[in-house]
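Report on the following structure.
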Amino acid sequence: MQKYANPTRFYALSGKVLPWLAAATLLAFAVGLYLALVKAPQDYQQGETVRIMFVHVPAAWMAMFCYSTIALASAIGLVWRHPLADVAAKCAAPIGASFTFLALVTGSLWGKPMWGTWWVWDARLTSVFVLFLLYLGYMAIWQAIEEPLRAARVAAIVALVGFVNVPIIKFSVDWWNSLHQPASVLRMDGPAIHMDLLAPLLVMGLAYTLLFFTLHLIAIRSEITRRRIRVIELAEVQG
Amino acid sequence: MDFSAPHAGFVIASYLVTFIVLLGLVLATWLRQRRAREQLKTLEERGSRRRRRAGKDGDSA
Amino acid sequence: MKIFLALIARDLTLAIRQGGGVGMALGFFLAVMVLLPLGIGPDLKLLQRIAPGALWITLLLSVLLSADRIFQPDDDDGSLELFSLGLMPMELVALAKAIAHWITTGLPLAIAAPALGVLLNLDSSLFLPLLAAMGLGSMALSLLATIGAAVTVGLKRGGLIVSLLILPLYVPVLIFGVAATAGQNAMPGVFGSSLLILLAIALACLVLAPAASAALLRAHMK
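Line order of the protein sequences matches chains G, P and Y. Just so we're aligned, residue 50 is where the first sequence starts under my numbering, counting upward by one. Just so we're aligned, residue 1047 is where the second sequence starts under my numbering, counting upward by one. Just so we're aligned, residue 2 is where the third sequence starts under my numbering, counting upward by one.
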């Protein structure tokens, strides 16, 4: 990991990886969308609306994945002071927030035809909504604190506190009431979804993940560039 | 996909909003990086120009 | 230990002298209890059903509103820097401030809640559960409030961020607090289990909140 600690080296390396990553992302989306919209059959219960699952579930997965990334990067930044850790955390937030927003909206659009309501306060949906608030709060901290080092530390602590809170909220709302479908993909005895519906879901999941990595990499490079600009501008003012 | 099926509108809306948000995200991220790169280039050119000029006049920064 | 108690005593004295703390929180609580029936309508049965939730939400908001009182005045007059110079670890400073905040804000509100609940036609059998749950829950609320206060100390427009950060942390306390207050009627045994969970949350906050607040304060003062 130390090898990538140098921002310049990271910038050069990421520049080589990026085109491949972007190409893979496009390919995954192409295949995924084809499977989702053309190949996948109608669900015998939900009809066409089952296709919403292919954009909703990956978005929800990414919402959690991005926040976990932020928490991990924050922990690394706090403990080992890895110079790019704070940057990685900061850059993942807008991407994760967008995925969370999508999860909420598509979830609503899926819920209305399925259950008849736009919104339900069950454990899953409530946790995702709170997750959205956590993202907003996290991004607000970076905006509000001007000193970059202090902003990084405060944001990191906030991210970790929030990360601990999400499962607690899920547990408490679960405890209180639940309406959502039980998790039907990651199970010890195999997925409960039929193969025809599982394949598009997994491919779309892969596409979303690749998209995150691509955008994350670009955003980190962008941040490195911006910090370089700041250094030069400061030098100009002084010299 | 059967576009005449009941609730097809919800499916279209979902994919549409997904497309718009993700496209917006991609554009925003990429344009930010481009603007930063251009700004950096301008600054570095300015710096090297100043250094060349300083070298010619014989005085040091 | 002596310094710890002295800090609490100091905060209590300041709060009483300045008069801001208890009075304002109680006033806010009262105002909401008056506005709710006016907004929702005088249907007593409906009010009775929402009373536990409404009381808890108002407690949350009252504690939240007073959060910036925890560290800001000390930061303004330099006391916070003095504290950080090492007489006592920052974790204990944060804990002392949380306890003082609880005594001056959370606890009085918890005690007043059953009386104010009468305005919402709260079922009298719920008075004791409400008292117990709020007494315990308000401790957690004050502890969590110190985290938010530590994040925004020194920020000018910190108010909105505090709410955005703390309210998600308050959700479990709210859920188990309301369950402890009113759940017994729905399902026997709920009071006991919810109260135990509230206790667990309060104990966890007792350890984690001062640690997080101290880390945040140190980041602020570096």
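The beta carbon of each residue, even a glycine, is placed where N, CA and C say it ideally should be. Small disclaimer: the values here were computed from a predicted structure and weren't measured.
| query | result |
| --- | --- |
| Assigned exposure category for Ser-139/Y - 16 Cβ within 10 Å defines buried | buried |
| Sequence-distant residues of the same chain with beta carbon closer than 8 Å to Ala-222/G, five excluded per side | In the sequence on display, residue 222/G carries Val and not Ala. Closer than 8 Å at the Cβ level, and outside the excluded window around Val-222/G, lie Trp-170, Asp-171, Ala-172, Thr-175, Ser-176. |
| Three-way DSSP call (helix, strand, coil) for Asp-69/Y in this model | helix |
| Test: Arg-1099/P CB closer than 9 Å to a CB of chain G | no |
| Proximity test, Cβ basis, 9 Å: Glu-1091/P and chain G | no |
| Alpha carbon of Leu-65/Y to alpha carbon of Gln-91/G, nearest angstrom | 49 Å |
| Alpha carbon of Thr-166/G to alpha carbon of Thr-155/G, nearest angstrom | 13 Å |
| Through-space distance from Ile-278/G to Val-94/Y, alpha-carbon basis | 40 Å |
| Sequence-distant residues of its chain with Cβ nearer than 7 Å to Arg-270/G (five each side left out) | Tyr-60, Ser-63 |
| In DSSP terms, what Gly-211/G is bridged to | DSSP, once it has assigned bridges, lists no residue as partnering Gly-211/G. |
| Residues from the stretch 45–79 of chain Y in contact with chain G, defined by Cβ distance under 9 Å | none |
| Proximity test, Cβ basis, 9 Å: Thr-98/G and chain P | yes |
| Alpha-carbon to alpha-carbon, Ala-284/G and Ser-227/G | Residue confidence for Ser-227/G is low, a pLDDT of 41 falling below 50, so the modelled location carries little weight; the figure read from the coordinates is stated next. Looking at the two C-alpha atoms, the distance is approximately 58 Å. |
| Nearest-angstrom Cα separation, counted from Ala-142/G out to Leu-13/Y | 40 Å |
| Contacts that Leu-166/Y makes with chain G (C-beta to C-beta distance below 7 Å) | Gly-186, Val-207 |
| Through-space distance from Leu-127/G to Leu-266/G, alpha-carbon basis | 21 Å |
| Test item: CB-CB of Ala-85/G and Pro-249/G under 9 Å | yes |
| Residue span of the alpha helix (DSSP H) that contains Arg-275/G, given as start and end | 244–287 |
| Beta-bridge pairing of Gly-96/G - partner residues as DSSP gives them | Asp-92/G |
| Alpha-carbon to alpha-carbon, Cys-206/Y and Leu-260/G | 38 Å |
| Beta-carbon gap between Lys-161/G and Ala-201/G smaller than 9 Å | no |
| C-beta contact flag for Thr-98/G and Phe-262/G at 9 Å | no |
| 9 Å Cβ cutoff, Thr-153/Y in contact with chain G | yes |
| Span separating the alpha-carbon of Val-163/Y from that of Val-174/Y | 17 Å |
| Buried versus exposed call for Ala-203/Y [16 or more other C-beta atoms within 10 Å across all chains shown] | buried |
| Cβ contact (3+ pairs, closer than 8 Å) linking the stretch 33–41 of chain Y and the stretch 125–145 of chain Y | no |
| Beta-carbon proximity of Ser-67/Y to Phe-30/Y, cut-off 9 Å | no |
| Within chain P, the residues that Trp-191/G reaches when beta carbons sit closer than 8 Å | What Trp-191/G touches in chain P: nothing, since even the nearest Cβ is about 14 Å away. |
| 9 Å Cβ cutoff, Gly-159/Y in contact with chain G | yes |
| With 16 other Cβ atoms within 10 Å as the buried cut-off, status of Leu-161/Y | exposed |
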